[in-house]
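What follows is one structure encoded as structure tokens, with my remarks underneath.
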Amino acid sequence: MNERKDGNNVVLFPNLHHRLVMKGTEALENKQYKQAAELFGQARELDQEHAEGNVGLLVSLVELQDYKEAKQLCKELLHQGIGDYFQITNMYLMVLVQLGEHEEIVEMIELLFQEHQIPFDKMEQFEQMISFSKRALEEREIEAEQHESQLQQQLQQEPLFNGKNEQQLLNTINMLSQMNVRPFIDDIQQFMQEEANHPFFKTMLLNILKEQDYTQAVEVRKFSQVSSLIPAHLPNLQEYPFFKEVWALAEQKLAQRNPSLLEMVHSLLERHCFLLYPFELEQDGATIAAAYHALAEQYMTGQDFCERVALIYETEEQVVRECLDYIKEIEGISYPII
Numbered sequence: 001m002n003e004r005k006d007g008n009n010v011v012l013f014p015n016l017h018h019r020l021v022m023k024g025t026e027a028l029e030n031k032q033y034k035q036a037a038e039l040f041g042q043a044r045e046l047d048q049e050h051a052e053g054n055v056g057l058l059v060s061l062v063e064l065q066d067y068k069e070a071k072q073l074c075k076e077l078l079h080q081g082i083g084d085y086f087q088i089t090n091m092y093l094m095v096l097v098q099l100g101e102h103e104e105i106v107e108m109i110e111l112l113f114q115e116h117q118i119p120f121d122k123m124e125q126f127e128q129m130i131s132f133s134k135r136a137l138e139e140r141e142i143e144a145e146q147h148e149s150q151l152q153q154q155l156q157q158e159p160l161f162n163g164k165n166e167q168q169l170l171n172t173i174n175m176l177s178q179m180n181v182r183p184f185i186d187d188i189q190q191f192m193q194e195e196a197n198h199p200f201f202k203t204m205l206l207n208i209l210k211e212q213d214y215t216q217a218v219e220v221r222k223f224s225q226v227s228s229l230i231p232a233h234l235p236n237l238q239e240y241p242f243f244k245e246v247w248a249l250a251e252q253k254l255a256q257r258n259p260s261l262l263e264m265v266h267s268l269l270e271r272h273c274f275l276l277y278p279f280e281l282e283q284d285g286a287t288i289a290a291a292y293h294a295l296a297e298q299y300m301t302g303q304d305f306c307e308r309v310a311l312i313y314e315t316e317e318q319v320v321r322e323c324l325d326y327i328k329e330i331e332g333i334s335y336p337i338i
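All the letters of the sequence shown, read from the start, carry residue numbers 1 to 338 under UniProt numbering.
Shown next as structure tokens:
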């Protein structure tokens with residue numbers, strides 16, 4: 001028996017879970033799949049381990065073609081041992097086929113064979129399924145190789161970066177992100193070393209090298225700074241120590257006092273860190289946080305609050321102003337039109 005507390009009164013709903021499952025089953029039989037999913041979902045809130053209700057919800061989700069939600073439910077049921085293992089596994093594999101997740105299909109069926117979980121009369125069906133998925137993976141790999149080869153040929157027909165406008169550079173870098181960039185590393189190195197090239201594009205290229213685990217040294221010039229670094233060893237932008245320290249200081253001062261101002265500080269800081277990456281400002285964290293706070297205040301009010309902001313962060317007004325002037329220069333570097 002289920003109950004609901006309404007003020008000081010308790011309203012009883014006899015056999016509510018059973019009624020929800022029955023109504024869900026009726027809706028499912030009448031092909032009212034959305035209603036069935038809602039009813040089975042309500043039943044699951046009352047009893048997450050009820051096999052019939054969970055299977056009804058799973059069938060409803062599949063019929064609604066909500067395959068991602070169905071996949072998640074299958075994983076939960078298999079992990080918790082709810083319902084008939086082979087029935088849930090069958091549905092899980094069917095959902096994976098719909099999602100095109102053939103690698104997971106192969107892993108799942110190989111595991112079933114290893115654990116002798118497949119009935120004798122179903123072995124041929126599962127052998128056909130794993131063969132189909134392996135072929136699909138092979139075809140996908142061939143298509144990816146052909147696509148990469150076409151992109152490489154296209155890029156090799158003209159200078160990689162020289163003479164291109166911002167939109168053309170963006171298109172080129174987007175193509176590079178879809179292939180192994182190592183054949184183009186000399187051009188990338190040269191682009192990174194030229195101070196005049198836009199720092200936005202340099203960061204994009206660094207991220208590609210990092211994602212592709214490039215372990216050779218690359219020389220980068222930005223904002224009159226130069227460094228030789230290994231892209232694979234770089235932290236992600238959100239884990240960038242400079243970003244984390246300055247953001248934490250600003251959050252400490254503004255989270256409760258002025259959330260909208262904090263949001264602007266975050267936007268400015270994130271944008272500038274992307275341009276600066278992997279370099280950072282030379283001032284201490286408190287001074288930098290104060291400068292971003294002051295810049296955000298100027299944008300929102302049109303007034304200069306450097307003196308007051310310096311006191312908040314317990315730093316000197318003059319160094320805050322110097323830092324503010326520099327980040328205004330960074331702010332003056334327009335992002336490419338995307």
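C-beta: ideal position from N, C-alpha, C; glycine also.
Enumerate in chain order the residues of its own chain whose CB-to-CB distance from residue i is below 6 Å, with the five nearest sequence positions on each side excluded.
{"i": "residue 203", "result": "274, 277"}
{"i": "residue 306", "result": "294, 317, 320, 321"}
{"i": "residue 15", "result": "none"}
Leaving out five residues before and five after residue i in sequence, what residues of the same chain have Cβ atoms less than 8 Å from its Cβ?
{"i": "residue 112", "result": "89, 118, 126"}
{"i": "residue 105", "result": "93, 96, 97, 129, 130, 133"}
{"i": "residue 154", "result": "175"}
{"i": "residue 217", "result": "228, 229, 230"}
Does the distance from the CB of residue i to the CB of residue j come in under 9 Å?
{"i": "residue 49", "j": "residue 80", "result": "yes"}
{"i": "residue 62", "j": "residue 95", "result": "yes"}
{"i": "residue 199", "j": "residue 161", "result": "no"}
{"i": "residue 328", "j": "residue 295", "result": "yes"}
{"i": "residue 182", "j": "residue 212", "result": "yes"}
{"i": "residue 179", "j": "residue 151", "result": "yes"}
{"i": "residue 221", "j": "residue 192", "result": "yes"}
{"i": "residue 17", "j": "residue 51", "result": "no"}
{"i": "residue 219", "j": "residue 189", "result": "yes"}
{"i": "residue 23", "j": "residue 46", "result": "no"}
{"i": "residue 268", "j": "residue 331", "result": "yes"}
{"i": "residue 214", "j": "residue 196", "result": "no"}
{"i": "residue 241", "j": "residue 282", "result": "no"}
Does residue i come out as helix, strand or coil in the three-state DSSP assignment?
{"i": "residue 158", "result": "coil"}
{"i": "residue 65", "result": "coil"}
{"i": "residue 181", "result": "coil"}
{"i": "residue 58", "result": "helix"}
{"i": "residue 132", "result": "helix"}
{"i": "residue 194", "result": "coil"}
{"i": "residue 110", "result": "helix"}
{"i": "residue 150", "result": "helix"}
{"i": "residue 274", "result": "helix"}
{"i": "residue 268", "result": "helix"}
{"i": "residue 236", "result": "coil"}
{"i": "residue 292", "result": "helix"}
{"i": "residue 100", "result": "coil"}
{"i": "residue 122", "result": "helix"}
{"i": "residue 279", "result": "coil"}
Along the chain, where does the beta strand (DSSP E) that runs through residue i open and close?
{"i": "residue 221", "result": "218–222"}
Leaving out five residues on either side along the sequence, give the residues of the same chain with a beta carbon under 7 Å from the beta carbon of residue i.
{"i": "residue 25", "result": "56"}
{"i": "residue 28", "result": "36, 56, 59, 60"}
{"i": "residue 41", "result": "57"}
{"i": "residue 177", "result": "208"}
{"i": "residue 201", "result": "169, 173"}
{"i": "residue 310", "result": "290, 316, 317, 320"}
If you follow the alpha helix (DSSP H) that residue i is in, where does it begin and where does it stop?
{"i": "residue 252", "result": "241–254"}
{"i": "residue 229", "result": "Run containing residue 229: none in the alpha helix (DSSP H); it sits in the beta strand (DSSP E), 225–229."}
{"i": "residue 19", "result": "16–29"}
{"i": "residue 310", "result": "306–312"}
{"i": "residue 41", "result": "33–46"}
{"i": "residue 202", "result": "199–211"}
{"i": "residue 328", "result": "317–331"}
{"i": "residue 166", "result": "166–176"}
How about residue i: is its C-beta nearer than 9 Å to some C-beta of chain B?
{"i": "residue 313", "result": "Chain labels in this structure do not include chain B; a single protein chain is all it has."}
Checklist entry - Given 8 Å as the limit, is there contact between the region 283–297 and the region 240–259, that is, 3 or more CB pairs closer than that? => result With the cut-off at 8 Å, the region 283–297 and the region 240–259 touch.
Item to check | the region 254–265 touching the region 295–304, judged by at least three CB pairs closer than 8 Å | outcome: As far as the Cβ criterion goes, the region 254–265 touches the region 295–304, which means the pair count is three or higher.
Checklist entry - Would you call the region 204–212 and the region 226–245 in contact, with 3 or more CB pairs under 8 Å? => result Cβ pair count under 8 Å is three or more, so yes.
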